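Undergrad: Residue numbers (the numbering used here), protein chains in the order written: chain A, 1 to 418; chain B, 419 to 580.
Every residue gets a Cβ at the ideal spot worked out from N, C-alpha and C, and that includes glycine.
Only a predicted model underlies this, so the values are computations on that prediction, with no experimental measurement involved.
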């Protein structure tokens, strides 16, 4: 099995420039700076690289929507989204911790293609240790002539600036992230225009996830076709899953895109000893769980979608039989209600009431009408809000009620307490 | 609500220099606002309307813009946190690993309810949304550092902090 991002993870001091370069680091950047920008864009398109922050949008296609400099002159930006905050997702943290230069090299390649002279890494405020790792890595890279003016003597200028968030989950959504950067409340924007046309300070802006950008040096080095072949037809390369919950060996694992759910679980040691599988949240808590019958599905964006849920950002949480579906749904809906930014009324109110009703059910005070009202509240949010957070409120409650109807019914009919 | 900046700055001269630094760090001054407010939260352990008004003056922004940001983000508080601000993750993985039990443990050990500061100003604790450390559940954040795989013993150990 080919490892791309985690190949050198066992190497001590990988986070230091010297080690990274000894293992061939920044050679891809040097190669890229000698190539026409359009040629790299073509390689990225050929690679079938898709956005690994959750949306799965083809990266090459996103880049192509940035208007050319002769049509829209002036600055353009590349922003790294290092604001993963959905329960279950922590792969970006590990990528930054272990291999910050891989991300910096990828960011520089993207900045060269897009024409960004000021690029940003927006990192969640809770990742202070990782912020300091990046600060140090950037210092080293600057001193070595890899960041700043005339990079590697090839005439390309690009500075990289770090910025921290302040604890809001919604800042991880591209347009809300840009609002946060601009010093505003993290209220998502209603596209169009999309950020590639009018993003940071209304300039063309590419927002890409840490994992996505970390793939770039490898695509430049080995070619788009090589990368595409590692994965499945419409999604190239490998995939990081951050696995947690009721498993023996939680952690971040790299798999070929399209790995079977069964094999991913096995890599993490399987369900904890003496227990039975109840469900697997594939991509972060916004995604409804996969079930025992789904163990043979392929984990790639399109296959998971066909199974009725989403691969998201690969934040996999395993649930065994001790997890009660009402309690799990309550925990997730509480999170969503807390993180709803309040801009769209259906989401602000709907997430609040979903949590309230579930709270009542949990305390043994549920009434039969709750079984109808819970999915109805969710349906009234879906499609009536700016961003996906509101949609997930309905998706989560419907997901758990349809998969585990007995957990809900028994609480309500018996007035059973938690 | 509108608050004017107090005549005497709520910040020390060094802090004023840091704030001015944030206005110059990025291609536009506004881009430094969230970072500046992070600094203020660190200095005062809260953001008061007066402090926000002074930040607004430094950034040449309306008070409401700054106060809106200061009251939106969970990192910023309008109550004074302890010198040691302890966060307990209660995201799904941490909850599965027993974060609820840790809540009672924090309350008992530190002797205060959530979002309340001990009389000596040393500690406060609060539940936090996912800290991004699900493989180390349940996770605690002590000031800006992660304490993974927390147990009752790790909570008791907090008392040793200076």
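Between which two residues does the alpha helix (DSSP H) carrying residue 331/A extend?
TA: Within the first chain, numbered from 1, the residue matching residue 331/A stands at position 331. Start and end: 325-339.
Undergrad: Classify residue 502/B as helix, strand or coil using the three-state DSSP reduction.
TA: Indexing the second chain from 1 puts residue 502/B at position 84. Note: residue 502/B maps to strand in three-state DSSP.
Undergrad: Have a look at the DSSP bridge pairing and note the partners of residue 260/A.
TA: Stepping through the first chain from its first residue, residue 260/A is reached at position 260. Beta-bridge pairing links residue 260/A to 298/A.
Undergrad: In this structure, how does DSSP classify residue 495/B when only helix, strand and coil are distinguished?
TA: Counted from its first residue, the second chain places residue 495/B at position 77. Of the three classes helix, strand and coil, the one that applies to residue 495/B here is coil, per DSSP.
Undergrad: Using three-state DSSP, classify residue 173/A as helix, strand or coil.
TA: As a first step, residue 173/A must be located in the first chain, where it is residue number 173. Three-state DSSP puts residue 173/A in coil, outside helix and strand.
Undergrad: Compare the Cα-Cα distances from residue 342/A to each of 188/A, 263/A and 234/A and report the closest residue.
TA: Position 342 of the first chain, counting from 1, holds the residue named residue 342/A. If we check each option's Cα against that of residue 342/A, 188/A comes out closest.
Undergrad: Listed in chain order, which residues of the segment 156-180 of chain A have Cβ atoms closer than 9 Å to some Cβ of chain B?
TA: Hits within the stretch, in order: 161, 163, 164, 165, 166, 167, 168, 169, 171 and 180.
Undergrad: For the beta strand (DSSP E) containing residue 374/A, name the first residue and the last one.
TA: As a first step, residue 374/A must be located in the first chain, where it is residue number 374. Run containing residue 374/A: none in the beta strand (DSSP E); it sits in the alpha helix (DSSP H), 370-379.
Undergrad: Give me the chain A residues within the contact set of residue 453/B, using Cβ-Cβ distance strictly less than 8 Å, ordered along the chain.
TA: As a first step, residue 453/B must be located in the second chain, where it is residue number 35. Correct list: 163 and 164.
Undergrad: Using 8 Å as the Cβ pair cut-off and three pairs as the minimum, do the segment 13-20 of chain A and the segment 96-105 of chain A touch?
TA: Verdict: yes, contact present.
Undergrad: How would you write the range of the beta strand (DSSP E) that residue 543/B sits in, first residue to last?
TA: Looking up residue 543/B in the second chain gives position 125. Residue 543/B -> beta strand (DSSP E) spans 541-546.
Undergrad: Using a 10 Å radius around the Cβ and a threshold of 16 neighbouring Cβ atoms, would you call residue 345/A buried or exposed?
TA: Within the first chain, the letter at position 345 stands for residue 345/A. The residue in question, residue 345/A, is exposed, as its Cβ has fewer than 16 Cβ neighbours within 10 Å.
Undergrad: Using 8 Å for Cβ pairs, my map puts residue 81/A next to residue 234/A. What's the rounded Cβ distance?
TA: Taking the first chain and counting its residues from 1, the one referred to as residue 81/A is at position 81. Taking the first chain and counting its residues from 1, the one referred to as residue 234/A is at position 234. The Cβ separation is near 22 Å, so there is no contact.
Undergrad: Quick one: is residue 359/A near chain B, going by C-beta distance under 8 Å?
TA: Position 359 of the first chain, counted from the start, is the residue given in the question as residue 359/A. No, its Cβ sits nowhere closer than 8 Å to a Cβ of chain B.
Undergrad: Using a Cβ cut-off of 8 Å, pull out every chain B residue sitting near residue 392/A, in sequence order please.
TA: Within the first chain, residue 392/A is the residue found at index 392, counting from 1. Simply none; closest approach about 13 Å.
Undergrad: Note down, in chain order, each residue of its chain lying with its Cβ closer than 6 Å to the Cβ of residue 169/A, except the 5 sequence neighbours on either side.
TA: Start at 1 with the first residue of the first chain, and residue 169/A comes out as number 169. If we look at residue 169/A and ignore the five residues flanking it on each side, its Cβ neighbours are 85 and 339.
Undergrad: Can you give me the Cβ contacts of residue 37/A inside the same chain, cut-off strictly under 7 Å, excluding the 5 residues immediately before and after it?
TA: Position 37 of the first chain, counted from the first residue, corresponds to residue 37/A. Answer for residue 37/A: 112 and 113, listed in chain order.
Undergrad: Run the CB neighbour count on residue 319/A, radius 10 Å, all protein chains shown included, and call it buried at 16 or more, exposed below.
TA: By one-based count along the first chain, residue 319/A stands at place 319. With 16 or more other Cβ atoms within 10 Å, it is buried.
Undergrad: Give me the Cα-Cα distance between residue 213/A and residue 123/A, rounded to the nearest whole angstrom.
TA: Walking along the first chain from the start, residue 213/A turns up at place 213. Walking along the first chain from the start, residue 123/A turns up at place 123. Their backbone Cα atoms lie some 14 Å apart in a straight line.
Undergrad: Anything in chain B within Cβ reach of residue 86/A, meaning under 7 Å, just list it in chain order.
TA: On the first chain, residue 86/A is found 86 positions in, with the first residue counted as 1. Going along chain B in sequence order, the residues near residue 86/A (Cβ under 7 Å) are 548.
Undergrad: Between which residues of its own chain and residue 269/A is the CB-CB distance below 7 Å, once the five residues before and five after are set aside?
TA: On the first chain, position 269 is the one that residue 269/A refers to. These residues qualify, in order along the chain: 247, 248 and 249.
Undergrad: Going by DSSP, what residue range makes up the beta strand (DSSP E) through residue 82/A?
TA: Position 82 of the first chain, counting from 1, holds the residue named residue 82/A. Element bounds for residue 82/A: 77-82.
Undergrad: Would you tell me roughly how many angstroms separate the C-alpha atoms of residue 535/B and residue 543/B, rounded to the nearest one?
TA: Your numbering for residue 535/B matches position 117 in the second chain. Your numbering for residue 543/B matches position 125 in the second chain. Near 8 Å, if we compare the C-alpha coordinates of residue 543/B and residue 535/B.
Undergrad: Rounded to the nearest angstrom, what separates residue 563/B and residue 90/A at their Cα positions?
TA: The residue labelled residue 563/B in the question sits at position 145 within the second chain. The residue labelled residue 90/A in the question sits at position 90 within the first chain. Cα to Cα, residue 563/B sits roughly 16 Å from residue 90/A.
Undergrad: What in chain A is Cβ-close to residue 555/B, meaning under 7 Å?
TA: Start at 1 with the first residue of the second chain, and residue 555/B comes out as number 137. Within 7 Å Cβ-Cβ: 244.
Undergrad: Using the rule of at least 16 other Cβ atoms within 10 Å of the residue's Cβ for burial, across every protein chain shown, is residue 353/A buried or exposed?
TA: Translated into the one-based positions of the first chain, residue 353/A becomes position 353. By the 10 Å Cβ count, residue 353/A comes out buried.
Undergrad: Take the Cβ of residue 557/B as the centre, count every other Cβ of all protein chains shown within 10 Å, and call the residue buried at 16 or more, exposed below.
TA: The residue labelled residue 557/B in the question sits at position 139 within the second chain. Counting Cβ neighbours within 10 Å, residue 557/B comes out buried, since at least 16 surround it.
Undergrad: CB-CB under 7 Å to residue 172/A, same chain, minus the five flanking residues each way: which ones, in chain order?
TA: As a position in the first chain, residue 172/A is number 172, starting the count at 1. 81, 83, 84 and 85, listed in sequence order.
Undergrad: What is the rounded straight-line gap between the Cα of residue 62/A and the Cα of residue 51/A?
TA: Translated into positions along the first chain, residue 62/A becomes position 62. Translated into positions along the first chain, residue 51/A becomes position 51. Going by the C-alpha atoms only, they are around 9 Å apart.
Undergrad: Look at the alpha carbon of residue 26/A and the alpha carbon of residue 150/A, and state the distance between them as a whole number of angstroms.
TA: Residue mapping note: residue 26/A aligns to position 26 of the first chain, counting from 1. Residue mapping note: residue 150/A aligns to position 150 of the first chain, counting from 1. Distance between the alpha carbons of residue 26/A and residue 150/A is about 15 Å.
Undergrad: Checking the sheet assignment: what are the DSSP bridge partners for residue 253/A?
TA: By 1-based counting over the first chain, the position of residue 253/A is 253. According to DSSP, which records beta bridges pairwise, residue 253/A is partnered with 241/A.
Undergrad: Check whether chain B comes within 8 Å of residue 395/A, counting only Cβ atoms and requiring the distance to be less than that.
TA: The residue labelled residue 395/A in the question sits at position 395 within the first chain. No, no contact with chain B.
Undergrad: In chain order, which beta strand (DSSP E) runs of at least 3 residues are fully inside the segment 33-90 of chain A?
TA: You should have 77-82.
Undergrad: Please state whether the Cβ-Cβ distance between residue 312/A and residue 291/A is less than 8 Å.
TA: Here residue 312/A refers to the residue found at position 312 of the first chain. Here residue 291/A refers to the residue found at position 291 of the first chain. No, the pair does not count as a contact, with Cβ atoms beyond the cut-off.
Undergrad: Since residue 510/B meets chain A, which of its residues come closer than 8 Å, beta carbon to beta carbon?
TA: The sequence position of residue 510/B within the second chain is 92, counting from 1. By Cβ distance, chain A contributes 87, 88, 245, 281, 285, 317, 328, 331, 332 and 335.
Undergrad: Does residue 398/A have its Cβ less than 8 Å from a Cβ in chain E?
TA: In the structure shown, chain E does not exist; the protein chains are A and B.
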